[in-house]
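Quick notes on the structure that follows.
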Amino acid sequence: MSDAEALFAALRQSADAPSVAAIERLVREAPDRELCRINALAFAQHNNLDPEQVIAAFLHAARVGLFELSWNVLCPGCGGVLGANTSLKTVHAEAYSCAVCAADYEPNLDEMVEVTFTVSPRIRRIPAHHPELLSFFDYCAQLFFGSGLEPIEDQSVMEKITVEAIELPPGEKALVSVQMPAQFLIVFEPVTHAAHFIDVKGEPTTERRNLTIVYNDVSTPTGTTEMRPGPLRLSVENRTGKRVLPGIWIAGDELHDFMAKRRPFVTAKRLLTNQTFRDIYRTDTLDIDQRLKIISLTFLFTDLKGSTTLYERVGDLAAFDLVRSHFRLLNEIVASEAGAVIKTIGDAVMATFPTPDRAMAAALRMREAMHDLNRQHASEDLLLKIGIHEGPCLAVMLNERQDYFGQTVNIAARVQGLADSRAIFTTSPVVDHPETAALLAAGGRTPVSQQRVIRGIAADMAIYEIP
């Protein structure tokens, strides 16, 4: 049995069969370019598969060695990769600079960090495993632009926006003569992420202009040179220790249209709130000193009302079995709604979801599951209180586990504390979310508003009970 066959056999033991079959076809039959930085959501859509099952299958495939994960910091403007990382631990909280957009961006895990999967070289070698051999076009398509852009299937798309492309080994110089159109040009180098703008305008001239650009290992500010349309002699020098690939792009409608064609991708936020990821990677996610920003995450807290009296009434063994059944059901529901259980504290659960509607769907299912469990035991012993809130937070390491910190977490926990038995309490950001509102309306549920005092919040908050 080959390495690949053995690893796929292992994968079949832990992942969804249709997803594994599709991944195996991909590895064996797909063109090389489709095995570099795979967008798991696009793959799921193309194969008509459940995206959560596909993400889980790719995570298990990475665990057994079929794929390598990449955590890529993206520019929200152009969609380019500003930093490629094999671990989230090397993503820093300081601003990342995009030379193409001439802007700095403070990273967040919502839309600025993608998670992609590249086939392992031990399973199948592809050109992207050797970036130093890729052409300018292939380097841009496979390694510079993130998986959130529509893939470049036809090189002619890039050729339309590229005036010239150069390959320059370390220590080499080159002279390139080009005829400059009356356009805004970008001399862009995707390996070092360096850019120089040329604003070509005015009356055409036959006088040859000269421009020198030097690439080195020190990041330099993006500059702009104004020139008239006409001949240009561009001198480029590579003082880095690696090959560079400067190209001249026309920053016109075709480039902007290409960069505007976006598609969903697996974000770091989505992966951190994925139960399979948390189960596989556990504490190996962040460094102890990292503080990474999340713009929007939904927190759900549960607790059992009267659990102490439950132990007194039915005894430790019976109570333990009931509470364990309750935890198992809650874990299954959270995972099926694209969430993850972050921790349990006594009889309480803290879970996260990428969007408010998934948390609300989970809460409604939890309430029904507890009702069914009580009915099975002919008792009303399990009275679940649920609180939900959405907002910004920080992804951190606390007590040797990946956790979250911030006021949003505090409010969610305190909203749960206000809830009565079997009640779902939530806040305005949750009920005002369009998909949450649609979910509640479809079930004929109208949230009941009340003003409540939340400890640590100066003003009263609108709290909503979900019937």
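Mapping the sequence shown onto the working numbering, position 361 (from 1) lands on 1260, and the numbers just tick up by one.
Glycine residues also receive a C-beta, built at the ideal position from the N, C-alpha and C atoms.
Only a predicted model underlies this, so the values are computations on that prediction, with no experimental measurement involved.
query	result
Three-state secondary structure assigned by DSSP to Asn-1273	helix
In DSSP terms, what Asn-971 is bridged to	Ala-983, Glu-1013
Span separating the alpha-carbon of His-959 from that of Ile-1149	42 angstroms
Same chain only: Cβ atoms within 7 angstroms of Val-1113, ignoring 5 sequence neighbours per side	Glu-1136, Arg-1138
Under the three-state DSSP convention, the category Thr-1100 falls into	Looking at the sequence itself, residue 1100 is Lys, so the reference to Thr does not match. Coil.
Cβ-Cβ distance between Leu-1131 and Met-1057 below 8 angstroms	no
Length of the line joining the Cα atoms of Asp-949 and Ala-943	6 angstroms
Reduced DSSP secondary structure (H/G/I, E/B, other) of Val-999	coil
Limits of the unbroken alpha helix (DSSP H) element including Pro-917	916–928
Phe-907 - containing beta strand (DSSP E), residue span	Per DSSP, Phe-907 belongs to no beta strand (DSSP E); it is in the alpha helix (DSSP H), 902–911.
Nearest-angstrom Cα separation, counted from Cys-1000 out to Arg-924	38 angstroms
Where Phe-1219 falls, given that 16 or more other Cβ within 10 Å makes a residue buried	exposed
Distance, Glu-1071 Cα to Gln-1174 Cα	50 angstroms
Cut-off 8 angstroms between Cβ atoms - residues of its own chain near Leu-973, not counting five sequence neighbours on either side	Gly-979, Val-980, Leu-981, Glu-1010, Met-1011, Val-1012, Glu-1013, Gly-1045, Gly-1047
CB of Pro-1255 within 8 angstroms of CB of Thr-1197, strictly	yes
Residues near Arg-1344 by beta carbon distance below 7 angstroms, same chain, minus five either side	Ile-1365, Pro-1366
Arg-1351 versus Ala-1260 - alpha carbon distance	24 angstroms
Candidates Phe-1157, Asp-1156, Val-1099: closest to Gly-1129 by CA position	Val-1099
Three-way DSSP call (helix, strand, coil) for Glu-1364 in this model	strand
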